[in-house]
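Numbering (my numbering), first residue to last: 134 to 622.
Structural data, given as structure tokens:
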């Protein structure tokens with residue numbers, strides 16, 4: 134429970150910050166009828182960050198932020214100019230075209246970088262669980278400034294959004310005020326995309342506002358409903374993400390989608406002339422949806438379990454036959470699949486297959502021919518002691534592609550007081566990793582060696598880089614006896 138609270142506290146604070154400003158801006162966007170302006174501006178900001186990355190600036194650097202902001206302001210200028218009095222082409226069409234072109238340009242820019250695909254995925258889904266505390270506080274201050282700006286000019290902004298004809302009648306320079314609105318919007322979007330990604334930012338902007346507009350006609354009522362629904366849905370989505378190991382951004386987006394369906398259903402029942410008919414239809418639809426979800430998830434789980442059992446049987450048969458006519462890579466894959474079915478009591482035949490492979494396993498893992506899952510490594514760690522077992526764990530800890538599998542291999546070495554477990558964990562921390570993985574890795578090192586050297590998963594990269602240098606210097610001096618209780622330590 135304490136770990137869950139520690140992991141989810143600041144992501145939930147980030148969701149509160151996002152809900153506060155985006156619900157308000159969403160009321161403007163929905164009232165103006167430019168639903169996808171947020172999605173388009175978010176994609177333009179992401180394009181700016183991608184361009185900065187191509188120029189060599191890290192995604193979390195100030196330079197990347199200013200490139201993203203500059204691109205967002207360019208989009209703001211486009212959208213303010215495209216809103217004409219005589220609107221022959223709907224502004225939503227211009228927004229949609231801008232989004233499509235920005236998305237395609239982002240992909241083309243990212244294609245020039247070896248890590249481009251990972252960057253595009255991060256821009257879409259965000260890194261809500263791994264955003265540092267300092268970044269969340271900095272973003273909250275930016276949103277507070279934007280909120281203060283909108284409060285000071287609330288009469289202008291609200292009138293243009295809710296009563297456009299009155300604004301024109303009073304002779305206001307609507308194009309100028311639109312630019313100020315979209316420019317301030319760009320400040321929010323630039324910070325939001327870095328935390329939550331394009332998809333979640335769009336959900337925070339539109340869905341709470343739409344839910345609020347279903348049940349209230351006043352600005353105050355809509356804000357109250359929007360803030361409440363955004364807070365509750367964020368909490369539910371993050372909890373599901375943590376409990377079921379879902380990606381945090383998509384989990385919260387799906388939670389928002391379900392909340393919108395629930396709100397629409399409630400409104401349908403409330404306004405229906407015959408309540409019992411509406412309830413019956415709702416119950417029938419709910420049963421159909423529940424049945425479809427049951428078939429999609431539980432049937433898939435049974436099929437996966439059946440496939441794993443088949444793989445385990447195949448591995449055992451191959452082992453019994455001496456591996457005749459079975460390629461080595463396939464034998465190893467079957468052995469790992471067999472281990473996944475029984476992590477507490479790993480099959481002897483599967484373990485023997487892997488122990489025979491030895492050092493050649495790292496070549497298959499490094500090329501992607503063989504993938505090692507976290508559950509398979511846990512099974513290996515539970516296997517009876519064998520003089521070859523630590524060699525197998527060593528190969529996994531240094532050469533597996535899945536960082537969680539690497540960590541489990543390193544932890545198994547640490548439990549066996551193998552100094553290579555320290556080296557493997559430090560190597561893992563030297564690359565960019567999720568905060569939760571960093572927390573587990575540094576705790577494992579602290580438990581084994583009694584050292585931490587000030588490494589903090591929530592600190593910035595420069596501070597942790599210095600901590601890792603201290604770790605490496607200590608490791609060079611104590612590589613032969615790094616553990617608590619050994620050699621006087």
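Cβ atoms here follow ideal geometry from the backbone N, Cα and C, with glycine treated the same way.
The shortest CA-to-CA distance from residue 418 to any of 614, 405, 403 and 398 is the one to 398. In this structure, 521 is the residue among 536, 230 and 521 with its C-alpha nearest to the C-alpha of residue 486. DSSP, reduced to helix, strand and coil, places residue 305 outside both helices and strands of the structure shown, so it counts as coil. For residue 616, the secondary structure class from DSSP, reduced to helix, strand or coil, is coil. Taking a contact as a CB-CB distance under 8 Å, the pair residue 385 and residue 333 counts as one, their CB atoms being some 6 Å apart. About 7 Å separates the beta carbons of residue 320 and residue 202, which is inside the 8 Å limit, making them a contact pair. For residue 586, same chain residues with a beta-carbon under 6 Å away, outside a window of 5 residues either side, are 600, 603 and 604 in chain order.
The three-state secondary structure of residue 169, taken from DSSP, is coil. In this chain, the alpha helix (DSSP H) harbouring residue 527 covers 522 to 532.
Beta-carbon to beta-carbon, residue 344 and residue 359 are separated by about 7 Å, close enough to satisfy the 8 Å threshold. Under the DSSP assignment, residue 549 falls outside any alpha helix (DSSP H); it carries neither an H nor an E label. Under the 8 Å Cβ criterion, the region 298 to 314 does not count as touching the region 177 to 186, having fewer than three qualifying pairs.
With distances taken between CA atoms, residue 195 lies nearest to 324 out of 547, 415, 590 and 324.
Comparing C-alpha distances from residue 141 to each of 607, 265 and 470 shows the shortest one belongs to 265.
Taking C-beta separations shorter than 6 Å and ignoring five residues to either side along the sequence, the partners of residue 148 in its chain run 367, following chain order. 614 is the residue among 568, 614, 591 and 567 whose C-alpha sits nearest the C-alpha of residue 584. For residue 295, the closest C-alpha among the options 164, 273, 607 and 283 is that of 164. Remark: C-beta atoms of residue 167 and residue 225 approach each other more closely than 8 Å.
When the alpha-carbon of residue 329 is set against those of 514, 176, 286 and 287, the nearest one is in 176. Under the three-state reduction of DSSP output, residue 597 falls in the helix class.
A buried status is given to residue 577, since no fewer than 16 other beta-carbon atoms sit within 10 Å of its beta-carbon. Using a 10 angstroms sphere on the CB of residue 571, the tally of other CB atoms reaches 16 or more, which defines it as buried. Taking a C-beta distance under 8 Å as the contact criterion, residue 342 and residue 156 qualify as a contact pair.
CA-to-CA, the gap between residue 227 and residue 290 works out to about 22 Å.
With contacts defined as CB atoms closer than 8 Å, residue 553 and residue 515 fail to qualify as a contacting pair.
For residue 212, the enclosing alpha helix (DSSP H) has its first and last residue at 195 to 214. Taken through DSSP and simplified to helix, strand or coil, residue 590 comes out as coil. When the alpha-carbon of residue 364 is set against those of 489, 375 and 340, the nearest one is in 340. In the DSSP annotation of this structure, the continuous segment of the alpha helix (DSSP H) that includes residue 288 starts and ends at 287 to 295. According to the DSSP assignment, residue 353 belongs to the alpha helix (DSSP H) that extends over 352 to 377.
313 is the residue among 268, 466 and 313 whose C-alpha sits nearest the C-alpha of residue 209.
Short of 6 Å from the beta carbon of residue 242, and not among the five residues preceding or following it, lie these beta carbons of its own chain, in chain order: 183, 184 and 187. Restricting attention to 288, 169 and 213, the CA atom closest to the CA of residue 232 is found in 169.
Distance from the CA of residue 541 to the CA of residue 609, rounded to the nearest whole angstrom, comes to 23 Å. When 199, 278, 180 and 279 are compared, the shortest CA-CA separation from residue 235 is found for 180.
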